[in-house]
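*Asks:* Here it is, the structure in full.
Protein chains: 4
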Amino acid sequence: MIRFALFGCGRIGRVHADSIDVHPRAELAWVYDPIESAASEIANRYGTTIAPAVDVAIDDPSVDAVVIASATPTHVDLLTRAVRAGKAVLCEKPIDLNLARVDRCWKEIAALNPTVMIGFNRRFDPSFRQVRDQVAAGDIGRLEQLLIVSRDPAPASREYLAASGGLFRDMTIHDFDLARFFLGEIVDVYATGANVVADFIAELGDIDSAVVVMRGRDGELCHITNSRRSVFGYDQRLEAFGATGMLSVGNQHPTSVRLSNATQTEAAPEYLNFFLDRYTPAYRAELDHLITAMEQGEQPSPGFSDGRQALALADAALESLHAGRTVRLESQ
Amino acid sequence: MIRFALFGCGRIGRVHADSIDVHPRAELAWVYDPIESAASEIANRYGTTIAPAVDVAIDDPSVDAVVIASATPTHVDLLTRAVRAGKAVLCEKPIDLNLARVDRCWKEIAALNPTVMIGFNRRFDPSFRQVRDQVAAGDIGRLEQLLIVSRDPAPASREYLAASGGLFRDMTIHDFDLARFFLGEIVDVYATGANVVADFIAELGDIDSAVVVMRGRDGELCHITNSRRSVFGYDQRLEAFGATGMLSVGNQHPTSVRLSNATQTEAAPEYLNFFLDRYTPAYRAELDHLITAMEQGEQPSPGFSDGRQALALADAALESLHAGRTVRLESQ
Amino acid sequence: MIRFALFGCGRIGRVHADSIDVHPRAELAWVYDPIESAASEIANRYGTTIAPAVDVAIDDPSVDAVVIASATPTHVDLLTRAVRAGKAVLCEKPIDLNLARVDRCWKEIAALNPTVMIGFNRRFDPSFRQVRDQVAAGDIGRLEQLLIVSRDPAPASREYLAASGGLFRDMTIHDFDLARFFLGEIVDVYATGANVVADFIAELGDIDSAVVVMRGRDGELCHITNSRRSVFGYDQRLEAFGATGMLSVGNQHPTSVRLSNATQTEAAPEYLNFFLDRYTPAYRAELDHLITAMEQGEQPSPGFSDGRQALALADAALESLHAGRTVRLESQ
Amino acid sequence: MIRFALFGCGRIGRVHADSIDVHPRAELAWVYDPIESAASEIANRYGTTIAPAVDVAIDDPSVDAVVIASATPTHVDLLTRAVRAGKAVLCEKPIDLNLARVDRCWKEIAALNPTVMIGFNRRFDPSFRQVRDQVAAGDIGRLEQLLIVSRDPAPASREYLAASGGLFRDMTIHDFDLARFFLGEIVDVYATGANVVADFIAELGDIDSAVVVMRGRDGELCHITNSRRSVFGYDQRLEAFGATGMLSVGNQHPTSVRLSNATQTEAAPEYLNFFLDRYTPAYRAELDHLITAMEQGEQPSPGFSDGRQALALADAALESLHAGRTVRLESQ
């Protein structure tokens, strides 16, 4: 039985608490959140204990692993302390908004050979994973083009977005990691964007729509399309085009019902609305991967360096957006 | 070049005129219709001549073949005369509403070894034909179940239906033939029906909805679902279920456009509206089959006996509807 | 918290144990199975206790409800005893293979105003339920035709089938109930069948394929297509056709991946394989319905009479199969 | 009746000959091709006359319009001569590979107020057109993102590609025009490419795969994905994403057949193989548009300037490919 402490009891914290709860070999030992009502809600729901301070949980020798689902600025500190205490860590993305700080963090912990997993849940989505496995198995020959469409149903609040680090570091970072999941090393990046969704996003100096183009080391072309708003629901699709075929992942519906009437045919209901619905199986598989890796003494994946590289891609995209040119990535 | 005379210039007559017009080896020599305006319209459109009487066309030695698209009660007479004059015949379904009359017709012409094709156009629909070919090729193993859904967009007029011979002889007859196209010999038939679409159909003593169940000689189960009205357009589908797979034919759209918005996803436009749209390629392939058979001195298919058997099935279905029991077919 | 005793620890028993385990307001107090290893497995997995005898569980005053997932011949006895002990009951289908015995059972317990729910899980499938709700809301106008396709991936064992009561009572019974879920009262039934899947089924005097046609009180036509074997997986579909539209339920895939290559396009993976996969959400919703009904002092649905009527339909179908004619149902 | 002269009897010339042949108000008066066998084939097939020289056709006062389907280097000269002779012109894309030459051509003919239509057939594809009409009607609100996937089944020959002007001027030019069809004015372009399909293309100094990103004047983001080879057939898709919905155009199949078996489900056959199949209706609608415009004394669209702008976009993309940066377009 792997015993977890959970830091951060917001929306994503609840997802992890739920994954721990239903996992047969996991136990939620402690929860902590600076907002006590948030901590209480999860503690009550899953019958666990609120830690009076993070150290109490980190120093508890019966705790094996820590899930960091707190505000981004706290990630590096919590991650460092947990690693020093010998705990395995599942840290939500991004590790930090500042790449230099991420690199300093790694310098501090690298010698400890830490078990750190970054919460890029989409790698564990059954559909994306199946495509990745089939590409690896050669089902479409050499991979040549990768298309990712990733649109949120609606923008987050002004407060959230103001602290988010911007579209690339907050939202596209998942797509950067997904691209790396398929392509491995990315050679260069180009990005362009627009403000068409909501004025307050422009006022924050951020974009709400983007297209990113990347090239992989073996000549693969990859592009990502983002929007902060999709009225028909969470739009999460992918196409892997290769020399001998194409594998695509479509959006997913809560039911398989279709309606035909006098004005249309075969209309489906709305898509699964957001990440809590679409990626529930992914979050559970992600946790299971960490637990299994710990049990078998292996490193989980994606690891710290994957979190680092996705952030480096976000920074490069931002540089490209401002400079209007291709930005080459340093060799990884 | 095969020269045709066309008898009957209504809706289905125009379809055949058009098929003849676009066929590179066919020519429309004469058209005839008791309603002169109907004949004029086709004659003008395709630059051909109105026959003053059917005999003029039938007796024209330069005419090779006759298309009978006139009112059902005229079929047997025209067919017989055309055969006696040595012409090939493409006769619209049904040959007649009276099975005894059909059998007498055959007795009169059989010795002439006539070239008679019955207009069961669905056998030439590219989708149905592909399924039939793949079934024949063993792609789904032994055929075990056949499901046919066949619904018209809207009921024909009271006048048309009053003379139609009823749902089974007028509409289901296409499905009976399609079933025979897949199963060959049918052993028994059961039919039930309902009046839910339009009161005037009940007043005519006819049904507007039906389910027919048939068994093939090799134990295949087949069912047909009919309705005289489908608000979302012409509903023409088929499933062939076998020991090692299933082949299905879905409805067809005029474009491949799909719409997703706040209330639905992936909604397609209306289906191809009716037989003129859905079966245009089938009608053309049907005519091409006849022409090719004539050129090669072979019998076209479906032939007279196929027309006879589909009518026999319609009669058996009607008997079953009234008797509430399975009706066995005589060995064919 | 509702405390359950579970009788029967086979495949379907495990499904219910799992539903109880994940339900936040349910607790598995006892399990019982004459095969002790089956009981142990569930007891160990869910941390509960094996009852030394059914009476121990039934007589436990802390037990609120009983799930009967044991062999069919034991249902009536267990149900009767549980009702007499004041327990709510969730009984798997069929109540019994003998309609007279079912009716006697009801006579014995009716005066106790029992809380009995029959395990027709498909009523709780999100897709079927959505269609039913939309039909009830008038989204397709008056319901005119209902098509149910229901095929198992592969036949059960000879032993299982020998005791199953035959295709109609064992397998079609789910479809009979689904038809009643949509149509309410059924007026008459016709059935035909075939033996094409497996010789041993014929040797048992049973059929392995069937088509059933039914009529509802308001003229609705309904047909069911069954097979004991579908190589492409569990085939569970439905179409509700009405005056102003059609709602359909398609099969469901484990992922939304599609493959296009040199020989085909848009190929999906296999369907969810069997009821454990396809109907997991349905089983959970079914249990939740019972629990909520108990909490609110209401009768759950489907109830005892629904179990009785589905069996009556199965008997009528069998009679029709042998007699080759429509069988009228007694008014319900 | 509009009388046409056709210059160029290759693959695309045959498409136009066929469109003229089936159009009720068009007539093919002359055909010309330097390769006489090519000219003969079309002349024989459609019963028309081979012009001994282009002037014979251009100077024929009974000729109303000229279709230029000859080799690209001949376009400007033929177009200029035809315009001077007072003929309407349908010129295949590109007008020329050299933008300066295109501009000089326009200077020479502009004063004649010529009727010139450029053969961007995709504007007449029923699916693309329907999406464009629905976008214009506001069905998806303000257009924000446009995704175009355009992949040929297989590379053309080395000879063809060597003279083609490169991927952007030869193949992407259709997508540039399609983007303009939706967006109107394009503000800037970025392009990147790869060589993964065929070595001989790299040897020609050309790319075989590309991603192009463009921005419209109103902030629309557009990207185009190209490949010279798609094993599953002609890949021609589009998504228009807007503030209140999304319209997409999928690939098209020759039949609506789907196959499910032990290894896959719902597999469709190959797509319509190439432009001759996919765009037959588009070519016919294109010709009909020209004829109708001529009859009504209106200018057809897309016109000369549309041909010019698509070429300017191709040049800008090429510049971007080499420079690795966004290239701004001059105001149009």
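Residue numbers (the numbering used here), protein chains in the order written: chain U, 121 to 452; chain A, 121 to 452; chain P, 121 to 452; chain R, 121 to 452.
The beta-carbon is built from N, C-alpha and C at its ideal position, and this holds for glycine as well.
(1) Under the three-state reduction of DSSP, which class applies to A:Arg337: helix, strand or coil?
(2) At the 7 Å Cβ level, is P:Pro246 part of the contact set with chain U, yes or no?
(3) Counting only C-beta atoms, is A:Arg445 closer than 7 Å to chain P at any point?
(4) Applying the criterion that 16 or more other CB atoms from any shown protein chain within 10 Å of the CB defines a buried residue, is P:Gln419 buried or exposed?
(5) Examine chain B for any beta-carbon lying closer than 7 Å to the beta-carbon of P:Tyr391, and answer yes or no.
(6) Listed from N- to C-terminal order along the chain, which residues in the region 270-285 of chain U have their beta-carbon within a distance smaller than 8 Å of any beta-carbon of chain A?
(7) Just to confirm my understanding: we take U:Ala159, look at its own chain, exclude 5 residues before and 5 after, and list those with CB closer than 7 Å. What are they?
(8) Excluding five sequence neighbours on each side, which residues of the same chain lie with their C-beta closer than 6 Å to the C-beta of R:Arg123?
(9) Relative to the alpha-carbon of U:Ala314, which residue among R:Leu341, R:Ala137, R:Ser247, R:Ala177 has its alpha-carbon at the smallest distance?
(10) Given a cut-off of 7 Å, decide if R:Ala382 and P:Val351 are closer than it, judged by their beta-carbon atoms.
(11) By Cβ distance below 6 Å, which residues in the same chain neighbour R:Arg348 in space, the five residues on each side in sequence not counted?
(12) Between R:Gly353 and P:Tyr403, what straight-line distance do the alpha-carbon atoms span, to the nearest angstrom?
(13) Which partner residues of U:Leu210 appear in the DSSP bridge assignment?
(14) Nearest by alpha-carbon distance to R:Thr385: which of P:Leu396, P:Asn371, P:Phe395, P:Phe394 is it?
(15) Quick one: complete alpha helix (DSSP H) runs, 4+ long, within the region 356-388 of chain A?
(16) Mark U:Asp138 as exposed unless 16 or more other C-beta atoms lie within 10 angstroms of its C-beta, in which case mark it buried.
(17) Using the DSSP secondary-structure output, state which residues sit across from R:Phe124 in a beta bridge.
(18) Would you identify the three-state DSSP class for R:Cys225, choosing helix, strand or coil?
(19) May I have a chain-ordered list of the alpha helix (DSSP H) segments no shorter than 4 residues that lie completely inside the region 256-313 of chain P?
(20) Identify which residue in P:Leu219, P:Ile155, P:Glu161 has its Cα closest to the Cα of P:Arg428.
(21) What residues match up with A:His343 in a beta bridge as DSSP calls it?
(22) Could you list which residues in chain R have their beta carbon closer than 8 Å to that of P:Glu386, in chain order?
(23) Report buried or exposed for R:His442, applying the criterion of at least 16 other Cβ atoms within 10 angstroms of its Cβ.
(24) Tell me whether P:Tyr399 is buried or exposed, calling it buried when 16 or more other Cβ atoms sit within 10 Å of its Cβ.
(25) U:Ala205: which of U:Leu263, U:Pro234, U:Lys227 sits nearest, CA to CA?
(26) Counting only Cβ-Cβ distances shorter than 8 Å, please list the residues of the region 354-381 of chain U near chain A, keeping chain order.
(27) Are any of the Cβ atoms in chain A nearer than 7 Å to that of U:Val316?
(28) With three or more C-beta pairs closer than 8 Å as the rule, is the region 208-218 of chain P touching the region 228-248 of chain P?
(29) So what's R:Thr446 in DSSP terms, helix, strand or just coil?
(30) Buried or exposed for R:Pro172, please, with buried defined as at least 16 other CB atoms from any protein chain shown within 10 angstroms of its CB.
(31) So is P:Gly167 buried or exposed if we call it buried at 16+ other beta carbons inside 10 Å?
(32) Mapping the DSSP letters down to three states, classify U:Thr192 as helix, strand or coil.
(33) Should A:Val174 be labelled buried (16 or more other beta-carbon atoms within 10 Å of its own) or exposed?
(34) With 7 Å as the threshold, decide whether the Cβ of A:Glu264 is near any Cβ in chain P.
(35) By how many angstroms is the C-alpha of P:Val369 removed from the C-alpha of U:Ala311?
(36) Does any residue of chain U bring its CB to less than 7 Å from the CB of R:Thr383?
*Replies:* Let me spell this out:
(1) Within the second sequence, numbered from 1, the residue matching residue 337 of chain A stands at position 217. Looking at A:Arg337 - three-state DSSP - the assignment turns out to be coil, as it is neither helix nor strand.
(2) Against the third sequence, residue 246 of chain P aligns to sequence position 126. Closer than 7 Å to the CB of P:Pro246 there is at least one CB belonging to chain U.
(3) Counted from its first residue, the second sequence places residue 445 of chain A at position 325. Answer yes: the Cβ-Cβ gap between A:Arg445 and chain P drops below 7 Å somewhere.
(4) In the third sequence, residue 419 of chain P corresponds to position 299, counting from 1. With fewer than 16 other Cβ atoms within 10 Å, it is exposed.
(5) Note that chain B does not occur in the displayed structure, where the protein chains are U, A, P and R.
(6) Going along the region 270-285 of chain U in chain order, one finds no residue with a Cβ nearer than 8 Å to chain A.
(7) Taking the first residue of the first sequence as 1, we reach residue 159 of chain U at position 39. Same-chain partners within the cutoff: Cys129, Val151, Tyr152, Asp153, Ile170.
(8) Indexing the fourth sequence from 1 puts residue 123 of chain R at position 3. Answer for R:Arg123: Glu147, Ala149, Ser182, Val183, Asp184, listed in chain order.
(9) Taking the first sequence and counting its residues from 1, one reaches residue 314 of chain U at position 194. With distances taken between CA atoms, U:Ala314 lies nearest to R:Leu341 out of R:Leu341, R:Ala137, R:Ser247, R:Ala177.
(10) As a working note, residue 351 of chain P is residue 231 in the third sequence. As a working note, residue 382 of chain R is residue 262 in the fourth sequence. One thing to note: P:Val351 has its Cβ within 7 Å of the Cβ of R:Ala382.
(11) Against the fourth sequence, residue 348 of chain R aligns to sequence position 228. Correct list, in chain order: Asp272, Pro275, Val317, Asp328.
(12) Counted from its first residue, the fourth sequence places residue 353 of chain R at position 233. Counted from its first residue, the third sequence places residue 403 of chain P at position 283. Cα-Cα distance, rounded: 43 Å.
(13) Start at 1 with the first residue of the first sequence, and residue 210 of chain U comes out as number 90. U:Val187, U:Met237.
(14) For the purposes of this step, residue 385 of chain R is taken as residue 265 along the fourth sequence, with counting starting at 1. It is P:Asn371.
(15) Taking only runs of at least 4 residues, no alpha helix (DSSP H) segment lies wholly in the region 356-388 of chain A.
(16) In the first sequence, counting from the first residue as 1, residue 138 of chain U sits at position 18. That one is buried.
(17) Position 4 of the fourth sequence, counted from the start, is the residue given in the question as residue 124 of chain R. Partner(s): R:Leu148, R:Ala185.
(18) Translated into positions along the fourth sequence, residue 225 of chain R becomes position 105. R:Cys225: helix per DSSP, three-state reduction.
(19) 278-282, 293-303, all fully within the region 256-313 of chain P.
(20) By 1-based counting over the third sequence, the position of residue 428 of chain P is 308. Of P:Leu219, P:Ile155, P:Glu161, the residue nearest in Cα terms is P:Leu219.
(21) Here residue 343 of chain A refers to the residue found at position 223 of the second sequence. Per DSSP, the beta bridge partners of A:His343 are A:Leu267, A:Val333.
(22) Translated into the one-based positions of the third sequence, residue 386 of chain P becomes position 266. Under the 8 Å cutoff, chain R gives Glu386, Ala387, Ala388.
(23) Counting from 1 along the fourth sequence, the entry for residue 442 of chain R is found at position 322. Classification for R:His442: exposed.
(24) Here the question's residue 399 of chain P lines up with position 279 in the third sequence. A residue is called buried when at least 16 other Cβ atoms come within 10 angstroms of its Cβ; P:Tyr399 meets this threshold and is buried.
(25) On the first sequence, residue 205 of chain U is found 85 positions in, with the first residue counted as 1. Scanning U:Leu263, U:Pro234, U:Lys227 for the CA closest to the CA of U:Ala205 turns up U:Pro234.
(26) Interface annotation for the region 354-381 of chain U against chain A: Asn371, His373, Leu379, Ser380, Asn381, criterion Cβ-Cβ distance under 8 Å.
(27) Along the first sequence, read from residue 1 onward, the residue named residue 316 of chain U stands at position 196. No, no contact with chain A.
(28) Judged by Cβ distances under 8 Å, the region 228-248 of chain P makes contact with the region 208-218 of chain P, as three or more pairs qualify.
(29) On the fourth sequence, residue 446 of chain R is found 326 positions in, with the first residue counted as 1. For R:Thr446, the secondary structure class from DSSP, reduced to helix, strand or coil, is coil.
(30) If you number the fourth sequence from 1, residue 172 of chain R lands on position 52. R:Pro172 should be labelled exposed.
(31) In the third sequence, counting from the first residue as 1, residue 167 of chain P sits at position 47. That one is exposed.
(32) For the purposes of this step, residue 192 of chain U is identified with residue 72 of the first sequence, where counting begins at 1. In the structure shown, U:Thr192 adopts helical secondary structure according to DSSP, grouped into three states.
(33) As a working mapping, residue 174 of chain A is identified with position 54 in the second sequence. If you draw a 10 Å sphere on the C-beta of A:Val174, you find 16 or more other C-beta atoms in it, and that means buried.
(34) Here the question's residue 264 of chain A lines up with position 144 in the second sequence. Closer than 7 Å: yes.
(35) To locate residue 311 of chain U, count along the first sequence from 1; it is residue 191. To locate residue 369 of chain P, count along the third sequence from 1; it is residue 249. Spanning the two alpha carbons is a distance of roughly 41 Å.
(36) For the purposes of this step, residue 383 of chain R is taken as residue 263 along the fourth sequence, with counting starting at 1. Judged by the 7 Å Cβ criterion, R:Thr383 is not in contact with chain U.
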